[in-house]
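Residue numbers (full-length UniProt numbering): 1 to 287.
Glycine included, C-beta positions come from ideal geometry on N, C-alpha and C.
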């Protein structure tokens with residue numbers, strides 16, 4: 001490639017670099033610096049905000065609740081999505097196209113509208129709640145919507161379409177010849193998926209889990225519309241520090257935001273570590 005063409009490509013990328021710098025890099029650096037800045041505005045570095053977070057039950061519970069909701073909603077959503085994507089892949093044809101259309105539509109139903117729908121159906125005076133009270137259906141009459149469990153169920157709802165959309169293309173890498181080979185060797189369909197299918201799909205499964213975890217742990221609109229401050233999770237506690245009606249503490253909010261970013265980065269690094277281990281094992285088998 002000629003030097004002139006390289007300069008043209010770099011010039012074309014300049015607007016994107018500026019946007020990334022203004023809306024991503026600079027805000028992240030600002031949040032990190034603010035998290036180590038004293039509340040009184042003096043120049044210096046302090047760990048007081050982080051000490052306060054890990055020594056206060058409210059913020060510790062926010063971290064734990066966010067992790068629990070993100071992990072369980074991701075795992076449950078991933079299991080359901082795996083079987084759903086597998087069924088769509090095996091069915092194929094027009095059924096798969098219709099399924100994809102429904103997924104694209106449902107995946108956009110999240111945030112405040114999703115929370116409002118759950119309140120209408122399972123809130124204190126929701127349709128299903130009233131039916132449960134009338135006919136003595138205990139789990140409907142006393143459904144804990146405004147709790148960690150209720151929040152997790154709403155998260156699972158928007159996690160499933162997302163993970164299916166991510167997993168479906170991965171199933172295209174499964175070749176029919178592999179199934180035939182396993183069948184000729186006396187293996188069942190379960191044997192194929194346990195020994196061949198799932199190991200082949202493992203990079204995509206792990207990548208999907210990482211995306212789902214980040215999506216769940218950072219979700220804000222659905223949680224705030226559904227439970228507001230009744231359930232302590234990181235995104236809500238972060239927002240309180242910047243838009244609180246009584247007290248605002250952007251330095252503490254910055255520290256909470258940094259912890260949230262660290263959790264997301266750790267999930268990505270763990271995913272990459274597992275993938276590297278899989279690559280080494282495959283390389284060893286090839287040798």
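Taking only three categories from DSSP, how would you classify residue i?
i: residue 144; result: coil
i: residue 40; result: coil
i: residue 272; result: helix
i: residue 243; result: helix
i: residue 12; result: helix
i: residue 228; result: coil
i: residue 90; result: helix
i: residue 207; result: helix
i: residue 286; result: Summary for residue 286: the model assigns pLDDT 48, below 50, so the residue's position carries little reliability, and this model does not support an answer.
i: residue 163; result: helix
i: residue 154; result: helix
i: residue 220; result: coil
i: residue 133; result: helix
i: residue 45; result: coil
i: residue 185; result: coil
i: residue 191; result: helix
i: residue 172; result: coil
i: residue 119; result: helix
i: residue 233; result: coil
i: residue 109; result: coil
i: residue 126; result: coil
i: residue 215; result: helix
Using CA coordinates, which residue listed in the options is at the minimum distance from residue i?
i: residue 232; options: 265, 147, 40 and 76; result: 147
i: residue 106; options: 34, 267 and 164; result: 164
i: residue 276; options: 230, 70, 260 and 202; result: 202
i: residue 173; options: 235, 145, 205 and 120; result: 205
i: residue 227; options: 50, 104, 112 and 78; result: 112
i: residue 194; options: 178, 208, 274 and 26; result: 178
i: residue 80; options: 208, 269 and 20; result: 208
i: residue 157; options: 229, 78 and 263; result: 78
i: residue 213; options: 188, 265 and 26; result: 265
i: residue 149; options: 136, 122, 239 and 135; result: 122
i: residue 120; options: 102, 136, 140 and 135; result: 140
i: residue 175; options: 225, 22, 23 and 192; result: 192
i: residue 100; options: 48, 162 and 55; result: 162
i: residue 33; options: 23, 181, 253 and 92; result: 253
Between the beta-carbon of residue i and the beta-carbon of residue j, is there less than 9 Å?
i: residue 115; j: residue 222; result: yes
i: residue 118; j: residue 219; result: no
i: residue 159; j: residue 74; result: yes
i: residue 243; j: residue 31; result: no
i: residue 290; j: residue 125; result: The structure shown does not extend to residue 290, since the chain is modelled only from 1 through 287, so no value can be given for it.
i: residue 67; j: residue 237; result: no
i: residue 152; j: residue 83; result: no
i: residue 170; j: residue 95; result: no
i: residue 143; j: residue 128; result: yes
i: residue 256; j: residue 62; result: yes
i: residue 263; j: residue 235; result: no
i: residue 267; j: residue 198; result: no
i: residue 240; j: residue 230; result: no
i: residue 60; j: residue 51; result: no
**OP:** Count the CB pairs spanning the segment 30-41 and the segment 249-261 that are closer than 8 Å, and state whether there are at least three.
**Re:** yes
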